[in-house]
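Student: Heads up, the sequence shown is in the numbering used here, so the first residue is 111 and it goes up one at a time. C-beta: ideal position from N, C-alpha, C; glycine also. Pasting a structure here, questions to come.
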Amino acid sequence: DFGQGDGINSNRTAFSGTDIWLNWHQFPGAQIKVGQWKAPFGLDQLTADTSLYTIERTLPTGAITPDRQIGAQLWGKPFTNIWPEQKDLLTYYAGIFNGNGKNTTVNDNNNFMYVGRLESTLFQDVFGKGSFLKLGGDVLNSRDDKGVNISQSGNLLVNADGSLSPFTLPGADERTAWSVDAWLKVGPFDLIGEYLQEKVNGRTVNGVPPGFADFTTDGFYVTGGYFLIPKKLQAVVQWQDLNPGQKGDDGLYSILGGLNYYIHGDDLKVMVNYIHTWSDFRQANPEFGQDQFDQVLGRVQVMF
């Protein structure tokens, strides 16, 4: 027997897979997709692992964005046939998903997670070949039952010592999230930014209280990249900010510096990141340990 779960509930194993879907694309402006894949929420989350400029995704992405889900989606590029040279001017996604994570064929209740995203790519090749300005926005709503991990991509729950871990609901909730993002690429320079917010409100079901206080989580990141040697050596800097919103002064902030060496594009590259993080909670509560942390990460990526 083989199975894969969310690491939280051992009963949530039915099949193991990553991206398993079918897409009906007869009409580019109205395509239908069914199966399991990433719900269309968050630029950082939707960017392929192999194309990221940093080794890991950001703290707010891990706390707020959903992971792969089982569901159905209507999506398309309305200008594909009527204005082919500007087909990326508008892309829309509207999906309905189980909302309780990947490889889980049974929904946690009779409600679903609804996700929508709009993208617009402007000024393609206006400031040189490959240049663009990409804008995006997302919305999400889900009503979840007790036991669902609502931080499927990373960590959200603030523990007693200020550390973060996955947030498994002690009771039912309704959560609503939104985000906006932008990506500017001009020559060797990239500037990427995203802001995300999620409201998590407890629900009383059959007289059982949720067991947690309502809270709002928000965060943002700004990433800059510049090719010191065209198509070969890229310098990256990033600032991240996450406010979990569950305890007083529980914010986390990180600054990152990195280098990416592209031996053969994304197929073969070496990445090194240095990350320095500050914890407001630890600064206000020094008895729990140091309030600043350092990490050095390395990655060798080979694809074939």
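Can you have a look at Ala173 and say buried or exposed, based on whether 16 or more other CB atoms are within 10 angstroms of its CB?
Tutor: Counted from its first residue, the sequence shown places residue 173 at position 63. Counting Cβ neighbours within 10 Å, Ala173 comes out buried, since at least 16 surround it.
Student: Would you call the CB atoms of Thr333 and Pro354 closer than 8 Å?
Tutor: Position 223 of the sequence shown holds residue 333. Position 244 of the sequence shown holds residue 354. The Cβ atoms of Thr333 and Pro354 lie no closer than 8 Å to each other.
Student: If you draw a straight line from the C-alpha of Val144 to the C-alpha of Pro298, how long is it?
Tutor: Along the sequence shown, read from residue 1 onward, the residue named residue 144 stands at position 34. Along the sequence shown, read from residue 1 onward, the residue named residue 298 stands at position 188. Taking the straight line from one Cα to the other gives about 37 Å.
Student: Cutting at 6 Å between CB atoms, please list the residues of its own chain near Asp377, excluding the five before and the five after it.
Tutor: Here residue 377 refers to the residue found at position 267 of the sequence shown. The beta carbon of Asp377 sits closer than 6 Å to those of Met413, all from its chain and outside the five residues before and after it, given in chain order.
Student: According to DSSP, Arg178 sits in a beta bridge with which residue or residues?
Tutor: As a working note, residue 178 is residue 68 in the sequence shown. Residue pairing by DSSP puts Arg178 in a beta bridge opposite Lys148.
Student: Per DSSP, what kind of secondary structure is Glu284 in: helix, strand or coil?
Tutor: Counting from one through the sequence shown, the residue named residue 284 turns up at place 174. In this structure, Glu284 counts as strand in the three-state DSSP scheme.
Student: Can you tell which of His135, Thr164, Thr168, Gly127 has the C-alpha that lies nearest to the C-alpha of Tyr363?
Tutor: In the sequence shown, residue 363 corresponds to position 253, counting from 1. Nearest of His135, Thr164, Thr168, Gly127 to Tyr363, Cα basis: Thr168.
Student: Where do the N-terminal and C-terminal ends of the alpha helix (DSSP H) with Phe391 fall, by residue?
Tutor: Translated into positions along the sequence shown, residue 391 becomes position 281. Start and end: 390-394.
Student: Does the Cβ-Cβ distance between Lys379 and Ile373 come in under 8 Å?
Tutor: For the purposes of this step, residue 379 is identified with residue 269 of the sequence shown, where counting begins at 1. For the purposes of this step, residue 373 is identified with residue 263 of the sequence shown, where counting begins at 1. Contact: yes.
Student: Which residues in the same chain as Leu245 place their Cβ atom closer than 6 Å to its Cβ, once the five residues preceding and following it in sequence are excluded?
Tutor: On the sequence shown, residue 245 is found 135 positions in, with the first residue counted as 1. Around Leu245: Ser230, Ala292.
Student: Since Gln155 contacts Gly211 with CB under 8 Å, what's their CB separation in whole angstroms?
Tutor: Sequence index remark: in the sequence shown, residue 155 carries index 45 (1-based). Sequence index remark: in the sequence shown, residue 211 carries index 101 (1-based). Actually they do not touch by this definition, with Cβ atoms about 14 Å apart.
Student: At 3 residues or longer, what runs of the beta strand (DSSP E) sit wholly inside the segment 237-323?
Tutor: With a minimum length of 3 residues, the continuous beta strand (DSSP E) runs that stay inside the segment 237-323 are 242-254, 283-296, 299-312.
Student: If I measure Cβ to Cβ from Val290 and keep anything under 6 Å in the same chain, skipping five residues before and after, which residues do I get?
Tutor: The count along the sequence shown starts at 1 and reaches residue 290 at position 180. Correct list, in chain order: Gly247, Tyr305.
Student: Could you tell me if Leu338 is buried or exposed, where buried requires 16 or more neighbouring beta carbons within 10 angstroms of its beta carbon?
Tutor: Here residue 338 is taken as the residue at index 228 of the sequence shown, counted from 1. By the neighbour-count rule (16 or more Cβ atoms within 10 Å), Leu338 is not buried but exposed.
Student: Please report the straight-line C-alpha distance between Phe400 and Trp388, rounded to a whole angstrom.
Tutor: Residue mapping note: residue 400 aligns to position 290 of the sequence shown, counting from 1. Residue mapping note: residue 388 aligns to position 278 of the sequence shown, counting from 1. Going by the sequence as given, residue 400 is Gln instead of Phe. C-alpha separation (whole angstroms): 9 Å.
Student: Exposed or buried, which one is Asn220 when buried takes at least 16 other CB atoms within 10 Å?
Tutor: In the sequence shown, the residue the question calls residue 220 occupies position 110. By the neighbour-count rule (16 or more Cβ atoms within 10 Å), Asn220 is not buried but exposed.
Student: Taking 8 Å as the threshold (C-beta atoms), are Ala282 and Lys256 in contact?
Tutor: Mapped onto the sequence shown, residue 256 falls at position 146. Mapped onto the sequence shown, residue 282 falls at position 172. Yes, the Cβ-Cβ distance between Lys256 and Ala282 is below 8 Å.
Student: Since Leu366 contacts Gly329 with CB under 8 Å, what's their CB separation in whole angstroms?
Tutor: As a first step, residue 366 is located in the sequence shown; it is residue number 256 there, counting from the start. As a first step, residue 329 is located in the sequence shown; it is residue number 219 there, counting from the start. Going by Cβ atoms, the distance from Leu366 to Gly329 rounds to 14 Å, so no, they are not a contact pair.
Student: Looking at the structure shown, is Phe398 part of a helix, part of a strand, or coil, going by DSSP?
Tutor: Numbered from its first residue, the sequence shown carries residue 398 at position 288. In the structure shown, Phe398 sits in a helix (DSSP, three-state: H, G or I).
Student: Are the Cβ atoms of Thr175 and Phe151 separated by less than 8 Å?
Tutor: Position 65 of the sequence shown, counted from the first residue, corresponds to residue 175. Position 41 of the sequence shown, counted from the first residue, corresponds to residue 151. Yes. Within cutoff.
Student: The beta strand (DSSP E) spanning Asp351 covers which residue range?
Tutor: As a position in the sequence shown, residue 351 is number 241, starting the count at 1. Asp351: member of the beta strand (DSSP E) spanning 343-353, first to last residue.
Student: Given this structure, state the Cα-to-Cα distance separating Asn311 from Phe233, to the nearest angstrom.
Tutor: Within the sequence shown, residue 311 is the residue found at index 201, counting from 1. Within the sequence shown, residue 233 is the residue found at index 123, counting from 1. If you take the alpha carbons of Asn311 and Phe233, they lie about 40 Å apart.
Student: Tell me whether Lys379 sits in a helix, a strand or coil according to DSSP, three-state version.
Tutor: One-based indexing of the sequence shown puts residue 379 at position 269. In the structure shown, Lys379 sits in a strand (DSSP, three-state: E or B).
Student: Which of the three DSSP states is assigned to Lys143 in this structure?
Tutor: Taking the first residue of the sequence shown as position 1, residue 143 is located at position 33. Under the three-state reduction of DSSP output, Lys143 falls in the strand class.
Student: Using DSSP bridges, identify the partner residues of Leu362.
Tutor: Position 252 of the sequence shown, counting from 1, holds the residue named residue 362. BP columns for Leu362 point to Leu352, Ser389.
Student: Starting from Asp328, trace the alpha helix (DSSP H) in both directions and tell me its first and last residue.
Tutor: Position 218 of the sequence shown, counted from the first residue, corresponds to residue 328. From DSSP, Asp328 is part of no alpha helix (DSSP H) but of the beta strand (DSSP E) over 325-339.
Student: Kindly indicate which three-state DSSP category Gly209 falls into: helix, strand or coil?
Tutor: Sequence index remark: in the sequence shown, residue 209 carries index 99 (1-based). In the structure shown, Gly209 sits in coil (DSSP, three-state: anything other than H, G, I, E or B).
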